[in-house]
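Here is the structure we will look at.
See the structure below:
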């Protein structure tokens, strides 16, 4: 009986040892397989993450391009808003631009544009006329810049200055408009040039200079179509300077003096804004 029990114990011990050995081997194999699967899965996940990041980068690039395009559009619209160009910009006077004669050269009977001089009155000594034509002073008067100016050149210079302003080259635009006003004081475009000169200073926030230039539009060219716009901008400037009373006064003048115009509408919008802000 004792021998039988001993033999059975030995058999169970052998079987248990074999099962343990097999289980350990299988366990190691399974662990290795799991590790390989985990490694493979990690790589797949990493690749997925890389692809996702690439898609995000491409999306961001697209967004940046869209924003850059929108920014260009906003800058262009801002320039257009500041310039406020309308159909009156390139108007021409009927029959061309009238050139003013030079001071001191408009003696009765003198046709500076044609270069001819009327004959002297009866009884006038010939010597009073002939030497005058040959003198350097008379020659200078006949050759004065306003006489020699070409309307086509005048239009070209004006358009050139305006184009510089459109491109946002404000310092150059200021110089160009000042030169135009100096060169063509009697030009049909002088009021517009004076207004755009004020606009240059307004855009660059040189408000005191802008006020002076816009004031010239109002006082020197009272019949100009740009007077309403000049007064509107003067109101805007006083708003920027926080001079609420003066801003309100000027803007109300625009609303009352130019009803139904774009300037009046913009002035009213700014007045409404001031009211909402408590000014």
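Numbering (the numbering used here), first residue to last: 402 to 680.
Backbone N, C-alpha and C define an ideal beta-carbon position, used for all residues, glycine too.
Here the structure is a predicted model, which means the values were calculated and not measured.
What residue from 465, 639 and 616 has the CA that sits closest to residue 628's CA?
Along the chain shown, one-based indexing puts residue 628 at 227. Comparing Cα positions, the closest option is 616.
When the Cα atoms are used, what is the spatial distance from residue 657 to residue 634?
Numbered from 1 along the chain shown, position 256 holds the residue referred to as residue 657. Numbered from 1 along the chain shown, position 233 holds the residue referred to as residue 634. Spanning the two alpha carbons is a distance of roughly 16 Å.
Report yes if the CB atom of residue 601 is closer than 7 Å to the CB atom of residue 575, and no otherwise.
Within the chain shown, the letter at position 200 stands for residue 601. Within the chain shown, the letter at position 174 stands for residue 575. In contact: residue 601 and residue 575 (Cβ atoms closer than 7 Å).
Give the range of the alpha helix (DSSP H) segment to which residue 639 is assigned.
Indexing the chain shown from 1 puts residue 639 at position 238. Its alpha helix (DSSP H) spans residues 628-641.
Going by Cα to Cα distance, which pick from 667, 609 and 666 is closest to residue 641?
Taking the chain shown and counting its residues from 1, the one referred to as residue 641 is at position 240. Comparing Cα-Cα distances from residue 641 to each of 667, 609 and 666, the minimum goes to 609.
I need the straight-line Cα distance from residue 614 to residue 679, nearest angstrom please.
For this step, residue 614 is matched to residue 213 along the chain shown. For this step, residue 679 is matched to residue 278 along the chain shown. So the alpha carbons of these two residues sit roughly 30 Å apart.
Straight-line gap, residue 450 to residue 438 (C-alpha atoms, nearest Å):
In the chain shown, counting from the first residue as 1, residue 450 sits at position 49. In the chain shown, counting from the first residue as 1, residue 438 sits at position 37. Straight-line Cα distance between these residues: approximately 18 Å.
Closest by CA to residue 563, which one among 595, 460 and 674?
Here residue 563 refers to the residue found at position 162 when the chain shown is read from its first residue. When only C-alpha atoms are compared, the closest one is 595.
Span of the alpha helix (DSSP H) holding residue 552?
Your numbering for residue 552 matches position 151 in the chain shown. Where residue 552 is concerned, the enclosing alpha helix (DSSP H) stretches over 552-567.
Sequence-distant residues of its chain with Cβ nearer than 6 Å to residue 605 (five each side left out)
Here residue 605 corresponds to residue number 204 of the chain shown, with the count starting at 1. Within the same chain, residue 605 has close Cβ partners 571.
With 16 as the cutoff for other CB atoms within 10 Å, does residue 553 come out buried or exposed?
Stepping through the chain shown from its first residue, residue 553 is reached at position 152. Its Cβ having fewer than 16 others within 10 Å, residue 553 is exposed.
Is the beta carbon of residue 591 closer than 7 Å to that of residue 599?
Here residue 599 refers to the residue found at position 198 when the chain shown is read from its first residue. Here residue 591 refers to the residue found at position 190 when the chain shown is read from its first residue. Their beta carbons are not under 7 Å apart, which means residue 599 does not touch residue 591 by this criterion.
Measuring straight from C-alpha to C-alpha, what distance separates residue 446 and residue 425?
For the purposes of this step, residue 446 is identified with residue 45 of the chain shown, where counting begins at 1. For the purposes of this step, residue 425 is identified with residue 24 of the chain shown, where counting begins at 1. About 31 Å.
So, using beta-carbon positions, are residue 639 and residue 631 closer together than 7 Å?
Counted from its first residue, the chain shown places residue 639 at position 238. Counted from its first residue, the chain shown places residue 631 at position 230. No, they are not a contact pair.
Taking residue 636 and residue 671 to be in contact with their CB atoms under 8 Å, please state how far apart those CB atoms are, rounded to whole angstroms.
Locating residue 636 in the chain shown gives position 235, counting from the first residue. Locating residue 671 in the chain shown gives position 270, counting from the first residue. Between residue 671 and residue 636 the Cβ distance is about 7 Å, and since that is below 8 Å, they are a contact.
So, is residue 558 buried or exposed, given that buried needs 16 or more other C-beta atoms within 10 angstroms?
Position 157 of the chain shown holds residue 558. Residue 558 comes out buried.
Let me make sure I understand the geometry here. Which of 593, 567 and 568 has the alpha-carbon closest to that of residue 579?
Position 178 of the chain shown holds residue 579. It is 593.
Whole-angstrom distance between residue 585 and residue 555, CA atom to CA atom
On the chain shown, position 154 is the one that residue 555 refers to. On the chain shown, position 184 is the one that residue 585 refers to. Their Cα atoms are separated by approximately 7 Å.
If we count the other Cβ atoms within 10 Å of its Cβ and call it buried at 16 or more, is residue 651 buried or exposed?
Stepping through the chain shown from its first residue, residue 651 is reached at position 250. The residue is buried, with at least 16 neighbouring Cβ atoms inside 10 Å.
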